[in-house]
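Student: If you read the sequences in order, they're chains Y and B. In terms of numbering that gives the first Met the number 0, the first sequence opens at residue 0 and continues consecutively. In terms of numbering that gives the first Met the number 0, the second sequence opens at residue 0 and continues consecutively. We put the beta carbon where it would ideally sit given N, CA and C, even for glycine. As the structure is a prediction and not an experimental result, all values here were calculated from the model. I am attaching a structure below and will ask some questions about it afterwards.
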Amino acid sequence: MTAPFILLVDDEVSFVETMAKRLATRNIDTITAFSAEEGLEKLKKNQNLDVIVLDVKMPGMDGIEMLKRIKAGFFRTEVIMLTGHATIELGINGMKLGAYDFLTKPCDIEELVSKVEEATKKKRAHDEKIEDAERKKLLLKYEP
Amino acid sequence: MVEERPSKKLYHRHFTRNMVLFVIVVSFVPMLLVSGLLLYEYSISYHEKLYAHLKEVVHRHAQDIDSFLNERLNNLQFLLDSCQNENLHDESILQEKLFQLQQKYDGVFEDLGLINEQGVQEAYAGRFSLEKAEYSDAKWFQEAREKPYYISDVFLGLRSRPHFIVSVKSFHQGRYFLLRSTINFEAFNSLAENLRIGKTGSAYILNRNGDFQTKPHYDMFSSNKSYMDFIKAGKKAKHGIYIGEIQDASGSEKAIYLAALLKNEDWILVYQQEKKEAFSDLISTQIVAAVILLFGALLIVIMNVLLFHKVINHITEVDREKEMMNRQIIETGKLASVGRLAAGTAHEINNPVAIMVQEAGWIDDLLKEEEFREGKNLKEIERALKQIENQGKRCKEITHKLLSFARTSDTPIQNLQINEIIKEVVAISDKTSYTGISINTYLDETIPSIYGSQTEIQQVLLNLINNALYALKKDGGKIDISTRLAGRHVLVSVEDDGPGIPEANLDRIFDPFFTTKPVGEGNGLGLSICFGIIQRMGGEIKVHSTIDVGTRFDIRFPLKKPMALKSENLSA
């Protein structure tokens with residue numbers, strides 16, 4: 000499997016930057032955004048993103064709203080919620096809205112890497128299914 | 000149990016004493032006044048009634064005695080009038096007349112004699128040999144010849160026996176004669192002696208010299224009293240009766256007396272009775288009244304003391320309940336504030352902590368590169384980084400627990416059998432880590448189910464058991480867990496016989512972050528979370544602790560589903 004390609008969205012600049020550096024050493028391609036709005040822009044530009052690691056509480060648009068928009072925009076990218084609010088309800092709510100998983104701050108880097116890899120696998124498996132289906136459609140279209 | 004403060008105890012003791020004294024005074028004063036007044040009135044009435052009765056009796060007896068004496072004089076006068084003087088000189092006629100008188104008056108007349116003016120008894124009829132007896136020097140004769148009628152005092156005379164003489168003076172041929180008769184003393188004496196009441200009530204007659212004219216039946220201390228003493232010391236009442244009191248020489252014995260004058264005031268009839276006997280009924284009534292009063296007073300005192308003790312106990316109980324309620328309200332308020340604060344700040348704390356941990360992680364990552372591997376302090380740096388990571392996790396745990404105050408239940412609300420949960424919790428509790436500790440369960444299998452979150456109740460029970468285990472870990476002991484139905488609640492008690500909790504700590508035991516455990520062994524959130532969970536369920540948790548006796552946590556779970564839980568469950 001090629002390295003997962005992820006977007007880190009958090010308003011804590013130093014957290015995002017350090018996390019990105021650490022993920023990079025663990026063979027994860029990471030781009031960063033420091034607000035939900037910026038994150039959505041980056042997503043539009045990088046639609047091949049495997050996973051978005053998304054902070055819940057941010058100034059302006061919060062993580063939940065961004066998640067809703069990601070799902071509403073039919074992006075296939077998986078979302079892992081990352082929050083300082085360590086409650087199960089929040090996680091359940093996020094999962095109900097379509098998040099892959101959730102983690103609480105401060106999180107263990109290895110746990111995050113593991114979840115990112117799982118989410119990447121899921122996303123890519125899903126991508127393959129869709130591509131297969133589209134390929135089949137094209138084949139059916141051009142078959143005599 | 001939370002011990003009552005000494006100042007409060009002192010206040011309650013003073014309050015009880017003052018109230019008891021106040022009520023005793025308020026109830027005693029009217030009781031004593033009324034009782035005293037009634038007794039006084041009764042005593043007055045009794046005195047009046049008794050003296051009225053005795054006056055009548057004495058007056059009647061005085062009349063009887065006077066009548067007796069007058070009758071004897073009349074008898075002699077009649078004899079004189081009916082017989083010629085010469086006839087009376089005839090002793091056989093005198094003897095016949097004496098016989099007739101003795102027959103008629105039952106031996107009252109002992110003899111009859113006719114004495115001339117020289118005092119010589121010219122004729123005599125009777126059982127003594129007194130013919131020609133010479134009375135010229137006799138005191139009675141000297142007095143009798145001066146009066147038409149005469150009754151002498153009692154004297155011994157020639158016959159050496161107590162007797163007295165009645166005589167009637169008669170004139171015949173220019174000379175006077177005295178017809179005299181000796182009156183039987185016993186017959187006369189019985190007139191006074193018949194006046195007997197009780198053991199000590201008796202009567203006697205004194206002459207003006209204070210000599211007894213009758214035989215006193217019961218001579219208490221009258222011998223030193225004279226005729227005039229009774230008149231002077233007495234108070235004159237109806238029928239000319241003198242009423243008074245006399246006492247013996249020592250002054251310890253008192254007697255009442257009633258005296259009536261007889262025989263033209265020559266004699267005095269004295270009725271005398273010991274005072275304590277005369278008023279024995281009154282004294283008995285007074286003793287009974289005093290005993291009843293004393294008993295009533297004792298009853299009032301005892302009832303007062305008991306009542307006020309009961310009231311004080313009730314007040315103490317109410318105070319304690321109030322204090323506990325206040326404490327709970329304060330706890331609830333504190334928890335609510337902490338909950339709100341926690342919810343607001345957990346994110347803010349977790350973020351910088353996350354950055355710290357992240358940066359430490361990044362340093363750790365960098366240290367793995369070749370150029371740092373040879374550093375002489377590498378191990379120390381790695382240890383420090385590990386410590387940063389561990390402390391970051393600790394911060395996370397704390398904020399996570401703090402959020403428990405604000406968040407609602409994670410698990411569904413359902414019907415639960417508390418006994419089953421207790422059995423499970425006891426089974427998983429860490430008791431095997433401690434020696435000498437036993438956990439006993441006393442579960443009432445008939446208690447109904449309760450509504451709640453299973454994981455939360457498990458958390459509460461586990462917390463309490465772990466705290467008890469911690470308290471007993473040094474010296475060992477036992478933990479008793481019991482359940483029972485208490486009104487509309489299921490009461491679960493977790494009790495240990497450990498060292499107890501100091502009173503100063505009891506107020507703070509449910510405070511967040513309050514702990515007596517060493518750093519790293521407890522964060523002081525366990526009981527706060529328990530408190531929050533039970534509060535949300537609509538129940539209550541109370542602690543009772545006595546130093547060196549033990550600690551008991553009582554948790555009341557409501558049978559009815561609380562509104563908070565209902566709405567949560569519906570929305571879940």
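(1) Hey, Ile540 of chain B and Ile554 of chain B: beta-carbon distance below 7 Å or not?
(2) Using a Cβ-Cβ distance cut-off of 7 Å, determine whether Gly62 of chain Y contacts chain B.
(3) Nearest to Leu323 of chain B by alpha carbon, out of B:Ile417, B:Phe509 and B:Ala470?
(4) Quick one: is Leu111 of chain Y buried, meaning 16 or more other Cβ sit within 10 Å of its Cβ, or exposed?
(5) Of all Cβ atoms in chain B, is any one closer than 7 Å to the Cβ of Glu159 of chain Y?
(6) Could you check where the beta strand (DSSP E) with Lys541 of chain B kicks off and where it finishes?
(7) Give the DSSP bridge partners of Gly38 of chain Y, in chain order.
(8) If you run the structure through DSSP and keep just helix, strand and coil, what is Lys122 of chain Y?
(9) From Ala98 of chain Y to Arg134 of chain Y, what distance separates their C-alpha atoms?
(10) Within the continuous alpha helix (DSSP H) that includes Ala71 of chain Y, where are the two ends?
(11) I want to know whether the segment 233-248 of chain B touches the segment 256-275 of chain B - three or more CB-CB distances under 8 Å.
(12) Name the two residues that bound the continuous alpha helix (DSSP H) containing Arg21 of chain Y.
(13) Report, in whole angstroms, the separation of the C-beta atoms of Lys214 of chain B and Asn183 of chain B, which I expect to be a contact under 8 Å.
(14) Classify Asp49 of chain Y as buried or exposed, calling it buried when 16 or more other Cβ atoms lie within 10 Å of its own Cβ.
(15) Determine, using beta carbons only, whether Lys395 of chain B and Pro105 of chain Y come nearer to each other than 7 Å.
(16) In whole angstroms, give me the CA-to-CA distance for Met18 of chain Y and Gln357 of chain B.
(17) Thinking C-beta only, is Glu11 of chain Y closer than 7 Å to Asn350 of chain B?
(18) When the Cβ atoms of the segment 277-295 of chain B are set against those of the segment 202-211 of chain B, are three or more pairs found closer than 8 Å?
(19) Measuring CA to CA, which of B:Gly523, B:Thr398 and B:Phe552 is closest to Ser481 of chain B?
(20) From Ala132 of chain B to Gln120 of chain B, what does the alpha carbon distance come to, in whole angstroms?
(21) Restricting to Cα atoms, I'd like to know which of B:Ile436, B:Phe154, B:Tyr134 and B:Val165 is closest to Pro147 of chain B.
(22) Quick one: which unbroken beta strand (DSSP E) runs of 3-plus residues sit fully inside the segment 240-314 of chain B? Chain order, please.
(23) Would you please state the rounded distance, in angstroms, between the beta carbons of Val304 of chain B and Val19 of chain B? I believe it to be under 8 Å.
(24) Looking at chain B, is there any beta carbon in it that lies within less than 7 Å of the beta carbon of Phe14 of chain Y?
(25) Is the CB of Ile27 of chain Y under 7 Å away from at least one CB in chain B?
(26) Please list, in chain order, the chain B residues whose beta carbon lies closer than 8 Å to that of Met18 of chain Y.
(27) At which residues does the beta strand (DSSP E) containing Gly632 of chain B begin and terminate?
(28) At which residues does the alpha helix (DSSP H) containing Gly451 of chain B begin and terminate?
(29) Within 10 angstroms of its Cβ, does Pro29 of chain B collect 16 or more other Cβ (buried), or is it exposed?
(30) Leaving out five residues on either side along the sequence, give the residues of the same chain with a beta carbon under 6 Å from the beta carbon of Leu442 of chain B.
(31) Is the Cβ-Cβ distance between Gly197 of chain B and Glu116 of chain B less than 7 Å?
(32) Would you mind telling me which residues of chain Y sit closer than 7 Å to Ile354 of chain B, beta carbon to beta carbon, in chain order?
Tutor: So, from the listed chains and residues:
(1) Yes, they are a contact pair.
(2) So, not an interface residue.
(3) Correcting the residue identity first, residue 323 of chain B is Met in this sequence and not Leu. Selected option, being the one with the closest Cα: B:Phe509.
(4) Buried, since its Cβ has 16 or more Cβ neighbours within 10 Å.
(5) In the structure displayed, chain Y extends from 0 to 143; residue 159 of chain Y sits before or after that span and is not available.
(6) Following the DSSP letters along the chain, one finds Lys541 of chain B inside the beta strand (DSSP E) bounded by residues Glu539 to Thr545.
(7) DSSP, once it has assigned bridges, lists no residue as partnering Gly38 of chain Y.
(8) Taken through DSSP and simplified to helix, strand or coil, Lys122 of chain Y comes out as helix.
(9) Whole-angstrom Cα-Cα distance: 28 Å.
(10) Bounds of the alpha helix (DSSP H) holding Ala71 of chain Y are Gly62 to Ala71.
(11) The way I'd put it, the segment 233-248 of chain B does touch the segment 256-275 of chain B; three or more beta-carbon pairs between them come closer than 8 Å.
(12) Per DSSP, Arg21 of chain Y belongs to the alpha helix (DSSP H) from Val12 to Thr24.
(13) Incorrect: roughly 13 Å between the Cβ atoms, too far for contact.
(14) Of the other Cβ atoms in all chains shown, 16 or more fall within 10 Å of the Cβ of Asp49 of chain Y; this residue is therefore buried.
(15) Contact: yes.
(16) Approximately 7 Å, taken between the alpha carbons.
(17) At a Cβ-Cβ threshold of 7 Å, Asn350 of chain B and Glu11 of chain Y count as neighbours.
(18) Contact between the segment 277-295 of chain B and the segment 202-211 of chain B is absent: fewer than 3 CB-CB pairs across the two stretches fall below 8 Å.
(19) The shortest C-alpha separation from Ser481 of chain B is found at B:Phe552.
(20) Distance between the alpha carbons of Ala132 of chain B and Gln120 of chain B is about 5 Å.
(21) Checked all of B:Ile436, B:Phe154, B:Tyr134 and B:Val165; the closest Cα to Pro147 of chain B is B:Val165.
(22) Taking only runs of at least 3 residues, the beta strand (DSSP E) segments lying wholly in the segment 240-314 of chain B are 240-246, 253-261 and 266-273.
(23) Between Val304 of chain B and Val19 of chain B, the beta carbon gap of about 6 Å places them in contact (Cβ cut-off 8 Å).
(24) Judged by the 7 Å Cβ criterion, Phe14 of chain Y is in contact with chain B.
(25) At least 7 Å separates the CB of Ile27 of chain Y from every CB of chain B.
(26) Contact of Met18 of chain Y with chain B by beta-carbon distance below 8 Å involves Gln357.
(27) Since the first residue of chain B shown is 0 and the last is 571, residue 632 of chain B is not available in this structure.
(28) Per DSSP, Gly451 of chain B belongs to no alpha helix (DSSP H); it is in the beta strand (DSSP E), Ile449 to Ser452.
(29) Answer is exposed; the Cβ neighbour count stays below 16.
(30) Correct list, in chain order: Asn418 and Thr482.
(31) No, they are not a contact pair.
(32) The contacting residues are Glu11, Ser13 and Phe14.
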